[in-house]
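Numbering (the working numbering), first residue to last: 570 to 830.
Ideal Cβ positions, reconstructed from N, Cα and C, are used throughout, including at glycine.
Below: one structure, written as structure tokens.
Laid out in structure tokens, this is it:
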């Protein structure tokens with residue numbers, strides 16, 4: 570029997586400030602601001618409610634004509650999780666409510682991945698967070714410190730996240746490997762589902778030593794003892810927009826899609 574569809578809220582955080590691409594959520598892609606594409610993808614998921622969370626009135630004003638629900642948040646949150654906690658509080662969500670964070674710079678995100686990460690969290694009542702991963706098939710990706718790797722338990726829970734190539738193949742990696750011998754390596758995909766109760770608690774958690782070493786926010790939850798479920802993504806998640814080159818690539822793809830190519 571198929572699992573019941575979980576009820577969840579999708580939140581699209583959209584900060585105006587960006588070091589590499591100022592005003593990133595409002596950058597034009599195929600005649601629309603980037604955040605509108607992300608919002609539309611989230612609306613195509615099974616979310617019962619989709620909210621754009623922003624710290625800038627220009628983003629709010631750009632999204633209101635679409636009929637989007639917008640929540641204004643503080644500009645000085647130390648992390649995206651803190652911003653989500655403010656949204657959950659603003660919406661008066663119960664502690665059991667599921668919240669999926671859909672990054673505002675992923676205009677190509679497949680709605681099925683939004684559904685999948687919510688379902689993963691719903692299926693493990695003892696987990697506070699769920700996220701996704703995909704197999705790594707090339708050495709360059711494995712050894713790239715900008716690519717976050719994750720190791721899971723047999724039950725699918727995260728054991729550790731790292732920028733290092735984990736797990737370390739003691740025999741195979743003695744010399745620089747030319748290829749990967751197994752499918753043991755997983756790349757973390759940065760979409761998260763949270764229980765609102767964890768978001769409320771997160772604000773009281775002190776930053777952890779592992780989080781500060783790796784510069785990975787999710788390690789704060791792990792080091793404080795919270796369980797994170799990790800599912801293997803059931804479809805490819807196209808890269809988001811971090812650079813001007815990424816933006817050009819996505820513009821071409823979405824223009825082609827809008828023209829029916």
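Inset, instruction - Please report the residue range of the beta strand (DSSP E) in which residue 690 lies. - result: Note, residue 690: premise wrong, no beta strand (DSSP E); alpha helix (DSSP H) at 680-691.
Inset, instruction - Could you have a look at residue 759 and say whether DSSP puts it in helix, strand or coil? - result: Here residue 759 sits in strand by DSSP.
Inset, instruction - Reducing DSSP to helix, strand and coil, say where residue 815 ends up. - result: Helix.
Legend entry - Rounded straight-line distance, which links the Cα of residue 612 to that of residue 665: 22 Å
Legend entry - Nearest to residue 815 (by Cα), restricted to the options 590, 609, 620, 580: 590
Legend entry - Closest residue to residue 696 among 687, 811, 719 (Cα-Cα distance): 687
Inset, instruction - Leaving out five residues on either side along the sequence, give the residues of the same chain with a beta carbon under 8 Å from the beta carbon of residue 702. - result: 719, 721, 755, 756, 757, 758, 799, 800, 801, 802
Inset, instruction - Out of 582, 581, 761, 587, state which residue places its alpha-carbon closest to the alpha-carbon of residue 875. - result: As displayed, the chain neither begins before 570 nor continues past 830, which places residue 875 out of reach and without an answer.
Inset, instruction - Could you say which of 768, 793, 825, 765 lies nearest to residue 775 if we only look at CA atoms? - result: Ranking 768, 793, 825, 765 by CA distance to the CA of residue 775 puts 793 first.
Inset, instruction - Along the alpha helix (DSSP H) that carries residue 780, what are the first and last residues, could you check? - result: 778-783
Legend entry - Between the CA atoms of residue 762 and residue 784 - distance to the nearest angstrom: When rounded, the distance between both Cα atoms is 20 Å.
Inset, instruction - Taking all protein chains shown into account, decide if residue 583 is buried (16 or more other Cβ within 10 angstroms of its Cβ) or exposed. - result: buried
Inset, instruction - Count the CB pairs spanning the region 720-735 and the region 603-621 that are closer than 8 Å, and state whether there are at least three. - result: no
Legend entry - Counted within 10 angstroms of its Cβ, other Cβ atoms place residue 674 as buried (16 or more) or exposed: buried
Legend entry - Cβ-based burial, residue 821 [other Cβ within 10 Å; buried from 16]: exposed
Legend entry - Inter-residue spacing [alpha-carbon to alpha-carbon] between residue 771 and residue 828: Whole-angstrom Cα-Cα distance: 44 Å.
Inset, instruction - Any chance you could list the beta strand (DSSP E) runs of at least 3 consecutive residues sitting entirely within the region 649-731, in chain order? - result: 667-670, 698-704, 718-721, 727-731
Inset, instruction - Below 8 Å on the Cβ atoms is my guess for residue 698 versus residue 767; work out the distance and round it to an integer in Å. - result: 7 Å
Legend entry - Minimum C-alpha distance to residue 579 - residue among 598, 818, 639, 629: 639
Legend entry - Contact check, residue 604 vs residue 632, beta carbons under 8 Å: yes
Inset, instruction - Please say whether residue 599 and residue 824 have beta carbons closer to each other than 8 Å? - result: yes
Legend entry - Distance between residue 765 and residue 690 (C-alpha atoms, nearest Å): Spanning the two alpha carbons is a distance of roughly 12 Å.
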